[in-house]
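Colleague: Chains as they are written, first to last, in our numbering: chain A, 1 to 307; chain B, 1001 to 1280.
We put the beta carbon where it would ideally sit given N, CA and C, even for glycine.
Predicted model, so just to flag it, every value in this text is computed and none were measured.
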């Protein structure tokens, strides 16, 4: 059994009448990347805040690195690295100064921090930007500087709240590469994200939250296999919506309609695709079921009013 | 496995009114502000020093010529002094008040709310209490830098000759502490910069006119004078002015106590309100 680095047990939190987190338990093993996914308002950020001791749970316990939150909050934080949803970089400081000043908050000596800065800049592909201020950096560079800052104390566990939201594909891929490198180095990661490809690529295990409750937990591939048929055929174009009323429906184990598109979930796509060839005006897309299908199945396709 | 252990906290440990818990972790936060200031020191000093000096020179020499020497009550009897000396001793207290207030309102709010600097710091092992303490001390030091430069110019201009004005230095630092503590209360309650206009217009401006900076408190009607004497700035002026006039202040402990009590109570209130703001 691997050592549990971080354990959350039976966490509850309510704000007034609204229950934001309900009986949530999970743990992170050493070297693992746990992804927390869920629609807006699912309780992801509140959970992270409780994990960081910024919000006090109504009930439940959080233990990290053999210590208890919130009692040992500062000692725990000394060994955590945090990248929050919004960048909190110092706009008046250069990249190097941002790292130096942040390292001091951990009680590190200047010489000790300065010795780490070149490697941190190199890791975040910011060596050429050492003396640039955050205002001169692109969105991706800022996020990487935030990541470098979170690594200044060489933490065992990283807590990343939507680390790639708002980034372009190149910047996201670079971020993923760096996070994978950290996992290879043996660091553990707790990550929230809205990107299913990110979750699938990085996370060893996933936690699906909805309305403050855990609705699924497991390895990404296992979850897909457990909840979904292996194949998806998307059909769109004029007359697509009527298909769900025809005998074609029997060829799929499950049919969903979203907007102008019909989704056929099936274990046998061949016969369905054969039958669809009788409708040349329709466009079809045949692909394996993915995490996004799972997410939509578990949390619904509707846009939430509070989202 | 049913497991509903609640978090074991002693009674009141989670109250926003619990005692301040200050540690040496405040120091890197103070250093952070100092490092930013070092980069912007010149424009910042020009703003903090040039303006009060222009007021002093324009009013002191201009109005001073109209008003003539004025008579100030001292323990050794009434003393006749040039208006500019009278004004300088009051306006230096006012400068300390303003420098600390600006820093603990506009600048602290920028760091707390706009730049989210505090949130970033709290992801490191630094508590909110230490951050608020560092901000308070920083604003007081900013006031100290300002008044040090102004004192230097006053000496250079020969407005004041008494070596005793060097003793005004610690008192003026305390004025900085008092007003930064008070400003942090409003910082904790603010939703935007506009909110500070209330504090400046409804509190600091009347304070300025009621604290004996521009004219002696004896000019006020007795009922207003009683209120005025309780104002922290009036107590600060009562400590600092005699030193400028080469006298020793009287009732030192009473004035100090007013400033210290004001600082302590405001800091605690500011901390409680800031904890409430950050607890969600």
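(1) Let's see if you can read the secondary structure: which residues bound the beta strand (DSSP E) around residue 266 of chain A?
(2) By alpha-carbon positions, which one of A:187, A:285, A:211, A:209 ends up nearest to residue 4 of chain A?
(3) For residue 1121 of chain B, go through chain A and note every residue whose CB falls closer than 9 Å to its CB, in chain order.
(4) Near residue 218 of chain A, which residues of its chain fall below 8 Å by C-beta distance, leaving aside the five closest residues on each side in sequence?
(5) Quickly, what does DSSP pair residue 81 of chain A with across the bridge? List them, please.
(6) Quick one: Cα of residue 214 of chain A to Cα of residue 59 of chain A, how far?
(7) For the beta strand (DSSP E) that contains residue 25 of chain A, what are its first and last residues?
(8) Please classify residue 1255 of chain B as buried or exposed, where buried requires at least 16 other C-beta atoms within 10 Å of its C-beta.
(9) How would you call residue 1209 of chain B, buried or exposed, if buried means at least 16 neighbouring beta carbons within 10 angstroms?
(10) Run through the DSSP bridge pairs and tell me what residue 256 of chain A is partnered with.
(11) Does the segment 1165-1176 of chain B touch the segment 1238-1246 of chain B, meaning 3 or more C-beta pairs lie closer than 8 Å?
(12) Taking Cβ-Cβ distances below 7 Å as the criterion, which residues of the segment 1014-1032 of chain B are in contact with chain A?
(13) Can you tell me whether residue 69 of chain A is helix, strand or coil according to DSSP?
(14) So, under 8 Å CB-CB, residue 154 of chain A and residue 83 of chain A are touching, yes? Tell me the CB distance rounded to an integer number of Å.
(15) Assign residue 286 of chain A to one of three DSSP states: helix, strand, or coil.
(16) Residues in its own chain within less than 7 Å of residue 43 of chain A by CB, not counting five upstream and five downstream?
(17) Could you name each continuous alpha helix (DSSP H) segment of 4 residues or more that falls completely within the segment 1220-1271 of chain B, going from the start of the chain to the end?
(18) So, does the CB of residue 289 of chain A fall closer than 8 Å to a CB anywhere in chain B?
(19) I'd like to know if residue 299 of chain A contacts chain B, where contact means its C-beta is closer than 8 Å to some C-beta of that chain.
(20) Give the straight-line distance between the Cα atoms of residue 224 of chain A and residue 269 of chain A, rounded to the nearest whole angstrom.
(21) How is residue 1124 of chain B classed by DSSP in three states: helix, strand or coil?
(22) May I have the straight-line CA-CA distance separating residue 12 of chain A from residue 250 of chain A, to the nearest angstrom?
(23) Would you mind stating whether residue 287 of chain A and residue 258 of chain A have Cβ atoms separated by less than 8 Å?
(24) For residue 44 of chain A, which beta-bridge partners are listed by DSSP?
(25) Please tell me whether residue 105 of chain A and residue 1121 of chain B are closer than 8 Å, where the distance is taken between their beta carbons.
Modeller: Well, looking at it:
(1) In the DSSP assignment, residue 266 of chain A falls within the beta strand (DSSP E) that extends over 261-266.
(2) A:187
(3) 88, 102, 105
(4) 205, 206, 226
(5) A:158
(6) 16 Å
(7) 18-29
(8) So residue 1255 of chain B ends up on the buried side.
(9) exposed
(10) Residue 256 of chain A pairs with A:263.
(11) Two segments are said to touch when three or more pairs of C-beta atoms, one from each, lie closer than 8 Å; by this definition the segment 1238-1246 of chain B touches the segment 1165-1176 of chain B.
(12) 1014, 1028, 1031, 1032
(13) strand
(14) In fact, because the Cβ distance is near 15 Å, the residues do not count as touching under 8 Å.
(15) Residue state, collapsed to three classes: strand.
(16) 20, 21, 209, 212
(17) 1222-1230, 1232-1244
(18) no
(19) no
(20) 17 Å
(21) It is coil, neither helix nor strand.
(22) Going by the C-alpha atoms only, they are around 43 Å apart.
(23) no
(24) None, per the DSSP bridge assignment.
(25) yes
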